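Residue numbers (full-length UniProt numbering), protein chains in the order written: chain A, 1 to 266; chain B, 1 to 266.
Shown next, in the form of structure tokens:
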């Protein structure tokens with residue numbers, strides 16, 4: 001999906017909600033466990049119930065990988081089931097030397113057909129660039145993440161700027177706002193206005209709203225740009241809103257609350 | 001595998017060679033393509049031909065992931081086929097917020113049974129610690145990598161030290177030399193003596209010998225400690241030493257050259 005299509009989708013739906021399919025076999029409603037693929041059964045119900053309210057689904061690959069080959073089957077079924085007009089994110093945090101990163105890019109863009117993949121920047125330019133050579137595909141580079149550990153390295157000073165600022169400025173020059181986004185945690189709202197000044201045009205993928213405690217209002221006020229420029233992700237707060245036979249309806253209601261709040265800001 | 005067993009294996013075999021199974025369906029000998037699982041057939045032949053010369057096998061997961069579910073099947077068959085007395089490394093470069101890193105740790109330590117996994121440090125403490133809570137399992141944290149992109153962030157100054165030095169010192173305090181190693185590229189030999197002073201006891205996983213041009217002699221002189229403390233990886237230089245029906249014998253000869261040079265240093 002290209003940027004124009006994504007922006008159009010956001011305007012049309014009055015939503016910049018991304019729903020994170022962090023689907024954990026131990027947390028889904030018990031009645032699904034008799035299904036031959038319980039994780040896909042859960043995801044299918046969540047997608048059916050929310051697909052008109054969000055503009056993106058984010059699949060956190062770790063939750064699937066830990067199930068072994070069966071998990072990858074669930075992942076593949078899920079990404080194939082997501083309607084083609086919705087943006088898909090492989091939240092895989094990959095990154096390696098150039099020839100290896102090329103294989104990761106092929107994995108998520110070609111083998112599974114995702115629109116985007118999250119990328120860890122520590123190994124530098126040749127680890128990121130292979131993700132930028134695919135038409136209408138996106139690298140979503142870790143900038144300032146939502147977790148406590150962001151303090152350990154990202155918020156250390158390199159010269160007169162924070163490491164994450166150096167990462168944003170440096171990596172932004174390797175791609176364009178048409179093929180690169182940044183992960184900016186909602187729990188870092190105080191920094192978002194400054195980050196938006198550094199990279200005015202790029203989309204931000206914003207995790208940390210909901211279970212991690214970030215504020216949708218704060219991140220919107222500080223992070224929105226003329227093309228909206230935000231994909232705000234909620235995972236647990238939506239998909240585990242309920243835990244019984246009505247879980248999909250509960251998820252829809254949780255997603256609807258986010259969407260309505262977003263419509264108010266648009 | 002615990003540290004004592006690893007050191008014993010190195011002394012017994014007079015080898016600290018790790019062979020990287022970066023197995024690419026497009027590079028293996030053509031006669032294997034009729035096998036139902038050509039990647040496993042190639043790996044099996046390489047393992048059979050080299051298992052008395054090395055102490056570790058490193059599986060670069062990207063090469064398997066890009067083949068989709070079939071690739072994970074090849075990976076699983078391969079790790080199960082590696083003799084249990086040889087150290088196994090999932091070169092997967094994972095790292096995410098705490099609860100997600102826990103799933104990655106389970107993936108590689110429990111689902112597939114690897115001894116170790118490579119970990120990207122950018123997201124900080126809670127992204128690394130989940131890999132440290134498994135008995136006789138190891139996190140191998142990226143320190144100073146072998147690629148050109150190491151210059152972009154790892155070799156930037158944070159205060160009066162390089163970022164990679166801060167990463168080494170900070171992450172070393174989260175674990176012990178019994179459950180943590182560091183990736184230190186062989187192409188960075190000039191820095192290895194200083195790195196060894198920073199973390200005197202830890203093992204280093206050293207990629208970059210062979211196709212990437214690093215020197216085994218230089219890395220050994222500067223990096224070895226009283227327990228050897230090195231796993232030097234060669235991938236392409238061993239596994240693609242030949243490309244016809246004799247490829248396994250060619251790989252053995254390439255591995256033997258490394259092992260004999262190592263025996264001379266031990």
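All C-beta atoms in this analysis are idealised placements derived from N, C-alpha and C, irrespective of residue type, glycine included. As the structure is a prediction and not an experimental result, all values here were calculated from the model.
- Taken through DSSP and simplified to helix, strand or coil, residue 235 of chain B comes out as coil.
- Counting only unbroken stretches of 4 or more residues, the alpha helix (DSSP H) elements lying wholly within the segment 61 to 111 of chain A are 61 to 65, 69 to 81 and 98 to 105, in sequence order.
- Per DSSP, residue 54 of chain B has no beta-bridge partner at all.
- For residue 21 of chain A, the secondary structure class from DSSP, reduced to helix, strand or coil, is coil.
- When the Cα atoms are used, residue 122 of chain A and residue 120 of chain B turn out to be separated by approximately 7 Å.
- Just so you know, the alpha carbons of residue 106 of chain A and residue 30 of chain B end up roughly 22 Å apart.
- Taking a 10 Å sphere around the C-beta of residue 34 of chain A, we find fewer than 16 other C-beta atoms and assign the residue as exposed.
- Residue pairing of residue 162 of chain B in beta bridges, as defined by DSSP: B/157.
- Here residue 171 of chain A carries a helix assignment [DSSP, helix/strand/coil].
- Assignment of beta-bridge partners to residue 116 of chain B by DSSP yields B/89 and B/138.
- Per DSSP, reduced to three states, the secondary structure at residue 149 of chain B is helical.
- According to DSSP, residue 59 of chain B shares a beta bridge with B/90.
- In the three-state DSSP reduction, residue 123 of chain B falls in the coil class, being neither helix nor strand.
- Here residue 214 of chain A carries a strand assignment [DSSP, helix/strand/coil].
- The beta carbon of residue 86 of chain B does not come within 7 Å of any beta carbon belonging to chain A, so the residue lies off that interface.
- At a cut-off of 7 Å, the C-beta of residue 125 of chain A has a neighbouring C-beta in chain B.
- With contacts defined by Cβ atoms closer than 7 Å, residue 58 of chain B and residue 233 of chain B form a contacting pair.
- Your pair residue 125 of chain B and residue 143 of chain A does not check out as a contact, with CB atoms roughly 18 Å apart and the cut at 8 Å.
- For residue 192 of chain B, there is no enclosing beta strand (DSSP E); the enclosing alpha helix (DSSP H) has its first and last residue at 189 to 198.
- In the three-state DSSP reduction, residue 133 of chain B falls in the coil class, being neither helix nor strand.
- Residue 63 of chain B has a beta carbon lying within less than 7 Å of a beta carbon in chain A.
- With 16 or more other Cβ atoms from the protein chains shown falling within 10 Å of its own Cβ, residue 43 of chain A counts as buried.
- Shown here is that no member of the segment 244 to 260 of chain B has a Cβ falling below 9 Å from a Cβ of chain A.
- By the Cβ neighbour-count rule, residue 189 of chain B is buried, with 16 or more other Cβ atoms within 10 Å of its own.
- The CB of residue 150 of chain B comes closer than 8 Å to the CB of 123 and 124 in chain A, given here in chain order.
- Taking a Cβ-Cβ threshold of 8 Å, the residues of chain A close to residue 166 of chain B are 153 and 156, in chain order.
- Taking residue 74 of chain A as the centre and dropping the five residues before and after it, the same chain places the C-beta of 23, 37, 39, 40, 43, 64 and 67 closer than 8 Å to its C-beta, in chain order.
- By the neighbour-count criterion, in which a residue is buried when 16 or more other Cβ atoms sit within 10 angstroms of its Cβ, residue 160 of chain B is exposed.
- Under the three-pair Cβ rule at 8 Å, the segment 165 to 182 of chain B does not count as touching the segment 206 to 215 of chain B.
- Contact with chain B is found for residue 69 of chain A, since one of that chain's Cβ atoms lies less than 7 Å from the residue's Cβ.
- In this structure the segment 10 to 21 of chain A touches the segment 214 to 232 of chain A; the number of beta carbon pairs closer than 8 Å is three or more.
- The C-beta of residue 75 of chain A comes no closer than 7 Å to any C-beta of chain B.
- Residue 174 of chain A has a beta carbon lying at 7 Å or more from every beta carbon in chain B.
- Take residue 200 of chain B, set aside five residues on each side of it, and the residues of its chain with a beta-carbon closer than 8 Å to its own are 225, in chain order.
- Excluding the 5 residues flanking it on each side, residue 256 of chain B has same chain C-beta neighbours closer than 7 Å at 53, in chain order.
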